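Written out below as structure tokens is the structure these notes cover.
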Amino acid sequence: MGKYIIRDIPEKHQTSSELHIMDAERADTGEYTCTAVNDIGRDESAIQFLVQGVPDAPSNLTVVNTTSRSICLFWEVIHDGNSRITGSIVQYQTLSDTQWNGHTSQLIVSGADDSATLRALTPITLYFVRIIAENALGQSLPSAVINVTTEEEAPSGSPREVHVYSTGAQSIKVTWKPPSLESQHGRIKGYYVGYRMSQSPDNYVFQQVESNPRTEHQATYITGLRPSTHYDIVLKAFNSVGAGPTSSKISGRTLKTDPAHSPAFGKRESSLPFYKNITLVVSVLVCSLVVLVLLFAVVVCFKRHSHDQRGEDDYKSSKAAGDSLKMSVTSMSLPTKPPKLPHYTCPAGKIDYAEPYMCNDSAVSKQHPDGRLFATIKRCPARPVYMAASYRQGAEPFCTHNITHEDCIQSYSSSNPENNTKLVR
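For the sequence shown, position 114 (counting from the first letter as 1) is numbered 114 according to full-length UniProt numbering, and the numbering increases by one without interruption.
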């Protein structure tokens with residue numbers, strides 16, 4: 001069975017024909033012509049066929065303008081379903097873009113208007129919006145959903161729970177809470193704290209205080225006040241758009257004298273955690289670095305002292321080991337100690353003076369297996385040597401300063417070239 005069916009109904013003097021269109025749709029709309037032909041001639045008749053239905057879903061939904069309290073929209077309906085548009089329905093909500101139920105708000109737009117303005121909205125709020133067109137045959141499918149966020153607005157509420165505390169002769173502490181969430185209309189950036197002397201006709205003097213988003217309790221100090229004076233305090237919250245209404249006036253009084261610890265000018269309570277308090281973190285790091293440097297210096301000094309002590313101990317050990325020297329005598333002609341040494345004198349007040357040491361064959365010499373003689377002598381510490389003026393004319397060795405036994409041995413050998421004694425260490 002096709003889409004089009006024609007039926008002829010014969011009658012006595014005429015024939016009737018019927019055209020049946022199966023599953024008629026909008027595309028079947030048009031002009032249909034019926035033509036009759038006989039032996040005499042032909043005739044035809046045109047019929048305008050119109051298929052009606054619900055409108056197409058609105059398209060090209062666009063936001064024309066947005067404020068803190070309104071959204072202006074524009075849309076199009078491509079086909080009205082061959083029936084005049086009687087109105088449109090603008091649906092909007094804040095909960096979801098998929099579930100449209102009893103929480104959905106609607107705006108009825110009459111006639112064929114293709115624009116609308118949503119009013120009385122909430123500032124800085126995300127809305128989901130869609131459009132439905134309507135004619136005499138029914139409603140269209142909903143348009144695509146769009147997301148629109150309203151703009152910020154100056155707070156409509158004032159700070160809450162304002163309290164004043166006397167902290168000094170020239171300072172007052174003020175504490176408060178932010179406005180209620182539904183009256184903030186945006187992120188609160190700070191507060192204006194105003195003060196003036198009670199009963200004064202002067203305007204309030206305002207100071208700006210930044211908001212602390214990490215805590216609900218806000219606080220600041222007003223300084224530079226007069227002692228024992230009553231002051232009126234007011235507050236206003238502000239965001240990126242502007243300031244809100246002023247809070248109710250509250251009074252406070254400064255003290256006659258400052259307590260032991262009064263707040264410094266501009267002091268403000270801070271509840272920053274340790275790792276975000278830059279001043280405290282830097283101070284701790286600097287102190288830690290100083291302590292590490294001091295510890296390093298102490299360790300270096302201790303190691304250096306230990307090294308010096310070991311060197312001194314090694315020197316003493318080597319000196320003690322070297323106090324006994326082995327002397328090789330290559331000749332048997334050794335000088336003997338003079339019986340008298342009149343040229344040595346001891347200055348007044350001196351109880352010690354140095355005497356030259358002379359090797360004695362019978363006392364200290366020893367025979368080596370290879371035939372050489374050895375003598376063992378003891379190293380003596382350096383002592384001052386004094387001599388008479390007459391001795392300076394002689395050829396014997398003499399010293400005029402503190403000397404060691406090596407110096408004496410070298411001087412003695414150089415002053416006696418005829419002596420063939422050779423000392424080997």
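The beta carbon of each residue, even a glycine, is placed where N, CA and C say it ideally should be. These numbers come from a predicted model, not from an experiment.
DSSP state of Q139 mapped onto helix, strand, coil: For the purposes of this step, residue 139 is taken as the residue at position 139 of the sequence shown. It is a strand residue.
Candidates V129, L292 and T15, of which the one nearest T98 by Cα: Mapped onto the sequence shown, residue 98 falls at position 98. Between T98 and the set V129, L292 and T15, the nearest pair of CA atoms involves V129.
Pick from L137, D80, S105 and Y127 that is closest to S113, judged by C-alpha positions: Counted from its first residue, the sequence shown places residue 113 at position 113. Position check: residue 113 holds Asp in this sequence, whereas Ser was assumed. For D113, the closest alpha carbon among the candidates L137, D80, S105 and Y127 is that of D80.
Candidates V54, W75 and V164, of which the one nearest N60 by Cα: The count along the sequence shown starts at 1 and reaches residue 60 at position 60. Per the Cα distances, W75.
For L295 and L289, the rounded distance between their alpha carbons: For the purposes of this step, residue 289 is taken as the residue at position 289 of the sequence shown. For the purposes of this step, residue 295 is taken as the residue at position 295 of the sequence shown. About 10 Å.
Neighbour-count burial assignment, I6, 16 or more Cβ in a 10 Å radius: The sequence position of residue 6 within the sequence shown is 6, counting from 1. I6 is exposed by the Cβ-count criterion.
Cβ-Cβ distance between T77 and I85 below 8 Å: The count along the sequence shown starts at 1 and reaches residue 77 at position 77. The count along the sequence shown starts at 1 and reaches residue 85 at position 85. According to the sequence displayed, residue 77 carries Val and not Thr. Yes, the Cβ-Cβ distance between V77 and I85 is below 8 Å.
DSSP beta-bridge partners of E134: Locating residue 134 in the sequence shown gives position 134, where the first residue counts as 1. DSSP lists G87 and Q139 as partners of E134.
Assigned secondary structure, R69 (DSSP; H/G/I helix, E/B strand, else coil): Taking the sequence shown and counting its residues from 1, one reaches residue 69 at position 69. R69: coil per DSSP, three-state reduction.
Inter-residue Cα distance where the pair is K249 and R214: For the purposes of this step, residue 249 is identified with residue 249 of the sequence shown, where counting begins at 1. For the purposes of this step, residue 214 is identified with residue 214 of the sequence shown, where counting begins at 1. Roughly 26 Å separates the two Cα atoms.
DSSP-derived helix/strand/coil call for Y412: Within the sequence shown, numbered from 1, the residue matching residue 412 stands at position 412. A caution first: Y412 carries a pLDDT of 45, below 50, which makes its placement in the model unreliable, though a value can still be read off. Y412 falls in the helix class under three-state DSSP.
Distance CB(S121)-CB(T150) smaller than 8 Å: To locate residue 121, count along the sequence shown from 1; it is residue 121. To locate residue 150, count along the sequence shown from 1; it is residue 150. Looking at the sequence shown, residue 121 is not Ser but Leu. Yes, the pair counts as a contact, with Cβ atoms nearer than the cut-off.
E182 in three-state terms, based on DSSP: Here residue 182 is taken as the residue at index 182 of the sequence shown, counted from 1. Three-state DSSP puts E182 in a helix.
Sequence-distant residues of its chain with Cβ nearer than 7 Å to D8 (five each side left out): Numbered from 1 along the sequence shown, position 8 holds the residue referred to as residue 8. So the list reads T15 and S17, once near-sequence residues are dropped.
Buried versus exposed call for S180 [16 or more other C-beta atoms within 10 Å across all chains shown]: Counted from its first residue, the sequence shown places residue 180 at position 180. Under this definition S180 is an exposed residue.
Validate contact between the region 141-157 and the region 200-217 using beta carbons, cut 8 Å, 3 pairs: no
Where L118 falls, given that 16 or more other Cβ within 10 Å makes a residue buried: Here residue 118 refers to the residue found at position 118 when the sequence shown is read from its first residue. Flag for L118 reads buried.
Extent of the continuous beta strand (DSSP E) to which A36 belongs: The count along the sequence shown starts at 1 and reaches residue 36 at position 36. It spans G30 to V37 - the beta strand (DSSP E) in which A36 sits, taken as one unbroken run.
Run of the beta strand (DSSP E) containing Q208, from where it starts to where it stops: Mapped onto the sequence shown, residue 208 falls at position 208. Where Q208 is concerned, the enclosing beta strand (DSSP E) stretches over V205 to E210.
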